[in-house]
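**Q** Quick one: structure below, then a few questions.
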Amino acid sequence: MSIENIKKDFETELANCHTLSSLEELRIKYRGQKGIITLLSRTIKDQPKEERGAFGKNVNILKNNADNLLNNKKEELKVIELESKVESEWIDPTIDIKLEKGHLHPLSEIQNKIEDIFTSMGFVVLDGPETETEENNFEALNIPKDHPARDMQDTFWTTDGNLLRTHTSAIQVRGMKNLKPPFKVIGPGRVFRYEALDASHENTFYQVEGMVVDKNISVANLIASMKTLLKEVFEKDVKVRLRPGYFPFVEPGFELDISCLICNGEGCSVCKQTGWVELLPCGLVHPEVLKHGGIDPNEYSGFAFGLGLNRLVMMKYGINDIRHFQSSDLRFVKQF
Ligand code: DAH
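Heads up, our numbering is the position in the sequence shown plus 5, with the first residue counted as 1.
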């Protein structure tokens, strides 16, 4: 084939190349090791002497020309392919997509906050299972079978004779059995009661149990810790009152009430028109309970408290019905 024809064919084929891969095929066809132009240039030495110079010169022109055209086309196709990629993968950053951001539930937030407050006072956070033994939930807390106090906490029983813990006090039992005094622990968690529901009663709610065991623990230690806790949680001084309260696992036992923050002590449905809300039952750990936990009551004493988290959140945010927490109503959760 003449140089002229090779040139023509090459240029036609080049004009029909629209992708980088077909261009590469073309390059190999003409300029690869066994390409048409490459092989042609190897025949220069076989030409008759008098034609060899002119032939060689023309082949070189053909070769250089082909190489230049291939390079230029390659650059051109690269730009085109990039542009079509940008076109097909185009993201418009100006479109205003509103991504909703989640956040912690107010109960989790208050639990985290309480854990922070207590760990900064040297307390250790303990965990316990939601399904408990009768022993940990009742017996070890000085509430034997048939004790009238069992009626205070109506219970969901499991078919195998265990129960859904009715209070986080079960965690203090686990603490006593596993730790050597002195110790300071809190045990946050979900608890269950088989109860009729109303604005201030739920069958599922959250508590934080607290327990300090050391030598010479007194009511004064208890009151000081409770005051610090309430001040930190509400970030202001709140009015409190202490009155005797009965719980089989403490002696003496107290009810620590705070002035209702929803009605400012005037009386509303949450405080049952009394102006006060029971927030923090507490007391000095009963010697029987210490004994049950393997602690000698002649050597050690302690205080304990049980904090209702739902009520705390209700006071803090002015929520007037405890049933909102479990309602799964997003309008409720989104307010926080
Ligand atoms: N466990 C009790 C309840 O849920 C609350 C409680 C009262 C816990 C007195 C205590 C305490 O540690 O000392 O009703």
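Don't be surprised by glycine CBs; every beta carbon is placed ideally from N, CA and C.
Could you tell me if A229 is buried or exposed, where buried requires 16 or more neighbouring beta carbons within 10 angstroms of its beta carbon?
**A** It is exposed - the Cβ of A229 has fewer than 16 other Cβ atoms within 10 Å.
**Q** List the endpoints of the continuous alpha helix (DSSP H) containing E18.
**A** Its alpha helix (DSSP H) spans residues I8 to A20.
**Q** Would you call the CB atoms of L45 and V64 closer than 7 Å?
**A** Result yes, Cβ atoms of L45 and V64 sit closer than 7 Å.
**Q** Enumerate in chain order the residues of its own chain whose CB-to-CB distance from G270 is below 6 Å, with the five nearest sequence positions on each side excluded.
**A** Same-chain partners within the cutoff: S264 and G280.
**Q** Ordered along the chain, which non-local residues of its own chain (more than five positions away) have a Cβ less than 7 Å from that of G61?
**A** Excluding positions up to five away in sequence, the list reads I49.
**Q** Span of the alpha helix (DSSP H) holding P257?
**A** Careful: P257 lies outside any alpha helix (DSSP H), inside the beta strand (DSSP E) at V255 to S264.
**Q** Tell me the residue span of the beta strand (DSSP E) that contains D219.
**A** Segment T209 to D219, the beta strand (DSSP E) holding D219.
**Q** Need the endpoints of the alpha helix (DSSP H) that P111 sits in, please.
**A** Looking at the DSSP string, the run of the alpha helix (DSSP H) that includes P111 is P111 to T124.
**Q** Out of curiosity, what's the CA-to-CA distance linking A309 and M216?
**A** Computed Cα separation, rounded: 4 Å.
**Q** Which same chain residues, not among the five before or five after K244, have their C-beta less than 8 Å away from its C-beta?
**A** Hits under 8 Å: I263, S264 and G270.
**Q** Measuring CB to CB, does C287 end up less than 7 Å from F259?
**A** Cβ distance < 7 Å, so C287 and F259 count as in contact.
**Q** Entirely within the region 220-255 and at least 3 residues each: give me those beta strand (DSSP E) ranges in chain order.
**A** With a minimum length of 3 residues, the continuous beta strand (DSSP E) runs that stay inside the region 220-255 are 245-249.
**Q** Consider the C-beta atom of C342 and the heavy atoms of the ligand DAH; say whether any pair is separated by less than 6 Å.
**A** Nothing about residue 342 can be reported from this structure: the residues present for the chain run from 6 to 341 only.
**Q** Give the DSSP-derived three-state secondary structure of H329 in the structure shown.
**A** Residue state, collapsed to three classes: helix.
**Q** May I have the straight-line CA-CA distance separating L19 from K12, to the nearest angstrom?
**A** Spanning the two alpha carbons is a distance of roughly 10 Å.
**Q** Report yes if the C-beta distance between G194 and T173 is below 7 Å; otherwise report no.
**A** Cβ distance < 7 Å, so G194 and T173 count as in contact.
**Q** Take F123 and list the residues in its own chain whose beta-carbon comes closer than 6 Å to its own, dropping the five residues that flank it on each side.
**A** Only I191 meet the Cβ criterion.
**Q** Taking the alpha-carbon positions, what's the E283 to Y251 distance?
**A** Answer to the nearest angstrom: the Cα atoms are 13 Å apart.
**Q** Grab me the residues of H344's own chain with a C-beta within less than 6 Å of its C-beta, minus the 5 sequence neighbours each way, in chain order.
**A** With the chain running from 6 to 341 in the structure shown, residue 344 is simply not present.
**Q** Quick test of your reading: G298 and K185, contact by CB under 8 Å. State the CB separation rounded to the nearest angstrom.
**A** Incorrect: roughly 11 Å between the Cβ atoms, too far for contact.
**Q** Buried or exposed for V91, going by 16 or more other Cβ atoms inside 10 Å?
**A** Answer is exposed; the Cβ neighbour count stays below 16.
**Q** Which same chain residues end up closer than 8 Å to T24 when comparing Cβ atoms and leaving out the 5 residues on each side of it in sequence?
**A** Excluding sequence neighbours, T24 sits near L82 and E86.
**Q** Does H172 come out as helix, strand or coil in the three-state DSSP assignment?
**A** Residue state, collapsed to three classes: coil.
**Q** Just the C-alpha distance for I66 and S27, rounded to the nearest angstrom, thanks.
**A** Roughly 24 Å between the two C-alpha positions.
**Q** What residue range does the alpha helix (DSSP H) around V91 cover?
**A** Per DSSP, V91 belongs to the alpha helix (DSSP H) from K54 to S93.
**Q** Just how far apart, CA to CA, sit T136 and F161?
**A** Rounded to the nearest angstrom, the two C-alpha atoms are 10 Å apart.
**Q** Quick check on the DSSP output: the alpha helix (DSSP H) that includes S26 runs from which residue to which?
**A** Unbroken alpha helix (DSSP H) run through S26: L25 to R36.
**Q** Do you know offhand how far N117's Cα is from D101's?
**A** C-alpha separation (whole angstroms): 34 Å.
**Q** Considering only the beta carbon of each residue, do S306 and I176 sit closer than 7 Å?
**A** No, they are not a contact pair.
**Q** Mind checking which residues open and close the alpha helix (DSSP H) that includes S46?
**A** Unbroken alpha helix (DSSP H) run through S46: I41 to R47.
**Q** Quick one: using the 10 Å Cβ neighbour count with 16 as the cut-off for buried, is Y211 buried or exposed?
**A** Result: buried.
**Q** Tell me which same chain residues have a C-beta within less than 8 Å of the C-beta of K78, skipping the five on either side of it?
**A** Taken in chain order, the residues that qualify are L19, C22 and L28.
**Q** At what residues does the beta strand (DSSP E) containing L284 begin and finish?
**A** Residues W281 to V290.
**Q** In three-state DSSP terms, what is L314?
**A** Correct three-state label for L314: helix.
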